[in-house]
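Novice: By the count of numbering that gives the first Met the number 0, the sequence shown reaches residue 95 at its end, each step adding exactly one.
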Amino acid sequence: MIAKKNIIKKFMGLNIVDTSIFLFFISMGDKRNAAAPILHAENEIIVNNYVNPLPSVIILTAIVVALGLTATALSFAVKIYEEYGTLNSEKIERLW
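1) DSSP three-state call for residue 34: helix, strand or coil?
2) Under 7 angstroms Cβ to Cβ from residue 52, same chain only, skipping five residues before and after it: list those, please.
3) Quick check: what's the CA-CA separation for residue 80 versus residue 86?
4) Determine whether the beta carbon atoms of residue 68 and residue 83 lie at a separation below 8 angstroms.
5) Drop a sphere of 10 angstroms on the beta-carbon of residue 6, count the other beta-carbons inside from all chains shown, and report buried for 16 or more, exposed for fewer.
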């Protein structure tokens, strides 16, 4: 997708890569037969039975950052189209 000439297709490729990285890290944070780390005073605390919440929190933050990046990139694409009349990166390089 990065080799495409259309800027929107390049942004789509970047989003696909971002999403695949998010899914990879979420799958690495998974643990079989584990529960969310919600502790109650009457329950015995066994650390091995809980899932680490940190990977999910980091990925949630990364998703928000990726959303902001996508919105900014699309707004740049709109401005580029208004200025040059095309989204083809090769034509834009020649006009610039």
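We put the CB at the ideal spot given by N, CA and C, even for glycine.
Specialist: With the structure as the only source:
1) Translated into the one-based positions of the sequence shown, residue 34 becomes position 35. Residue state, collapsed to three classes: strand.
2) As a first step, residue 52 is located in the sequence shown; it is residue number 53 there, counting from the start. 36.
3) Looking up residue 80 in the sequence shown gives position 81. Looking up residue 86 in the sequence shown gives position 87. One C-alpha to the other measures close to 6 angstroms.
4) Stepping through the sequence shown from its first residue, residue 68 is reached at position 69. Stepping through the sequence shown from its first residue, residue 83 is reached at position 84. Not in contact: residue 68 and residue 83 (Cβ atoms no closer than 8 angstroms).
5) Here residue 6 refers to the residue found at position 7 when the sequence shown is read from its first residue. With 16 or more Cβ atoms within 10 Å of its Cβ, residue 6 is classed as buried.
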